[in-house]
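Sequential numbering of the sequence shown, starting at 28, is according to the working numbering. Where a beta carbon is used, it is the ideal one built from N, C-alpha and C, also for glycine.
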Amino acid sequence: MKKILYIAGEALPFASSGGLGDVIGSLPAALKAESDDDIRVILPLYSAVPEKFREKFEFIGSKDISLSWRKQYCGIFRYVYQGVTFYFLDNEFYFKRASLYGEFDDGERFAFFCRAALEILPDIDFFPDILHAHDWHAALSVIYLKRCYAEYDARYENTKAIFTIHNIQYQGIYDFAILGDVFGLMPSDREIVEYNGCINLLKGAIVCADRVTTVSPTYAKEILSPKFSHGLDNVLNMFSFKLSGILNGIDRDYYNPAKDKEIFANFSWKNPEGKAICKSGLQKMLGLPEREDVPMIAVISRLVSHKGFDLLMLAGDDILREDVQLVVLGMGDKSYEEYFTKLSDRYPDKCKTLITYNRDLSKRIYSAADIFLMPSKSEPCGLAQMICSRYGTVPIIHETGGLYDSIKDIGCENGGNGFTFAAYSAYEMLNSVRRACAFFKSDREGFKELSKKVMRVDFSWKQSALSYIELYNQLY
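Rendered as structure tokens:
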């Protein structure tokens, strides 16, 4: 039995801002189901953590954490969820904030979190065989382990480190003036974290980790090129022997149209009738014409350029000149928010834009739509294409990253589970939209069969968990 410790900045259902939270909320339990390993998770205790969980937390104790010249309080709470032990690190100065990330002192906040995650191991009597850190917020835990603990404390020296890159765009880049003052690193650590004249925490974790993973096999290959690496391709190619990709999964219990209480009607691939009720219910709620014969296209995403919204801005009017309905849910760059709001104003009977993010509303849209459009310029893994499939909504994707690994075009030799386009262009995307809509209109029964087919695709965590177990076994 191995001891495995996850260190991450978020996890469902406690506090989450996106896909990382889905992964940390689901993967440890999936690993637990496939092995007898002792799997534990350390998270910050954000103010966003709901009271219904807090009231069940067990207080383990507290200690002062040294971070350079600072000494900060750290409370330690324990909670068992889905058979996995979670530890929450409490410090209101750092974590009682309106948002999880995006604060002016994020570097100091997560340096404290990473230092505290290692400092509390004697208090919880858990020295892991494998420390598995996720994204730049946890990068310093790998750096501290290898540079500050393993060399000087025998209890840490046998711990192997795995670092997972969920999105290479976010790297934890800071001025060297805070190397010692904030991060508590020595001048001798400069070469580990230096990249392009700055501190780059992601780079430091890549150098220090025993293995580096990404959240899909294709993304692991893509980030070796300048087009996708956001400047780190030289480092990644140097350490490519450490690199591999494992495709994420989704929580099939949380995303389950047969039992979901948030949608208008329940359904499954064996009994799909409820999906039509979901569609008419959403149309009524949004003030769209209640038509079963019109293809409803959904977009649920952060409204930012790398999600493909530059293509949608070019093709939006062309799409809505067709006999379709378009529902857009998301928040992001003001230019995209304004564009889609104005698009709804121009096509009030065809398009509805919802500038918000609400998980319950997103599930209603997933369950109601016929087609899901995901034209990302780059996508480390993507979960939306898996979630929409779970709800019988046929995805259209750009062939990149995890989208390419999970969705194949229906025109491929063995038949696919969606519509794809290879070139990143508005024309190619529009062509795929038109193909999907034409199929919907010309062969209603065939499209319903495709909907049932995509619902049956196994995007659970089981295969991913087995792949991680194999990786852990390689290290230990």
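The alpha helix (DSSP H) enclosing residue i, as first and last residue numbers
i	result
T240	Segment R238 to T241 is the beta strand (DSSP E) holding T240; no alpha helix (DSSP H) there.
V262	D260 to M265
Y121	E119 to F122
A42	Where A42 is concerned, there is no enclosing alpha helix (DSSP H), given that its DSSP letter is neither H nor E.
I392	R386 to A395
D345	F336 to L347
D180	No alpha helix (DSSP H) holds D180; DSSP gives it neither H nor E.
P149	L148 to I151
A303	G301 to L313
Per-residue DSSP class, three states only, for residue i
i	result
T245	helix
D63	coil
H161	strand
F190	strand
Y222	strand
A125	coil
G211	coil
I327	strand
E85	strand
A232	helix
I250	coil
V107	strand
I200	strand
C408	coil
V460	helix
T368	helix
A143	helix
R174	helix
S295	coil
A279	It is worth fixing the name first, because residue 279 is Arg in this sequence and not Ala. DSSP places R279 in coil when its eight states are reduced to three.
L185	As written in the sequence, residue 185 is Asn, which differs from the Leu given in the question. N185: coil per DSSP, three-state reduction.
Y418	coil
L498	helix
S256	helix
L493	helix
Run of the beta strand (DSSP E) containing residue i, from where it starts to where it stops
i	result
C519	Not covered by the structure: residue 519. The range shown for the chain is 28 to 503.
D156	Unbroken run through D156: none, as it is neither H nor E.
V354	Q352 to L356
L401	Note that residue 401 is Met in the sequence shown, not Leu. Note, M401: beta strand (DSSP E), I398 to M401.
K475	Premise fails: K475 lies in the alpha helix (DSSP H), R471 to R483, not in any beta strand (DSSP E).
T380	C378 to L381
I36	Sequence inspection shows Gly at residue 36; the Ile mentioned does not correspond to that position. Premise fails: G36 is in no beta strand (DSSP E) and is neither H nor E.
L270	L270 to G272
Per DSSP, the bridge partner or partners of residue i
i	result
C101	K90
P71	L116
H425	F448
K30	D65
L167	DSSP lists no partner for L167.
D436	G445
G359	L330
Sub-8 Å separation of residue i and residue j beta-carbons
i	j	result
M358	E349	no
I324	L400	yes
I290	S394	yes
L229	G199	yes
T245	Y431	yes
G211	S95	yes
I424	L309	no
I87	I66	no
F84	R105	yes
I151	Y114	yes
D237	L251	no
A56	G129	no
P71	F140	yes
S53	W488	yes
L381	D360	no
V17	A247	For the chain, the structure presents residues 28 to 503; residue 17 sits outside this window and is missing.
Nearest-angstrom beta carbon gap, residue j and residue i [assumed within contact, 8 Å]
i	j	result
G429	N275	7 Å
F446	E426	Going by Cβ atoms, the distance from F446 to E426 rounds to 11 Å, so no, they are not a contact pair.
I189	H159	5 Å
G419	S478	4 Å
I219	R182	With a Cβ gap of about 22 Å, I219 and R182 do not count as contacting.
F367	V355	5 Å
F137	G36	7 Å
V481	N444	5 Å
L116	A143	5 Å
Q412	P422	4 Å
N223	G258	7 Å
Y503	D156	5 Å
Check: residue i C-beta below 7 Å from any heavy atom of the ligand GDP
i	result
L270	This structure lacks the ligand GDP; in fact it carries no ligand of any kind.
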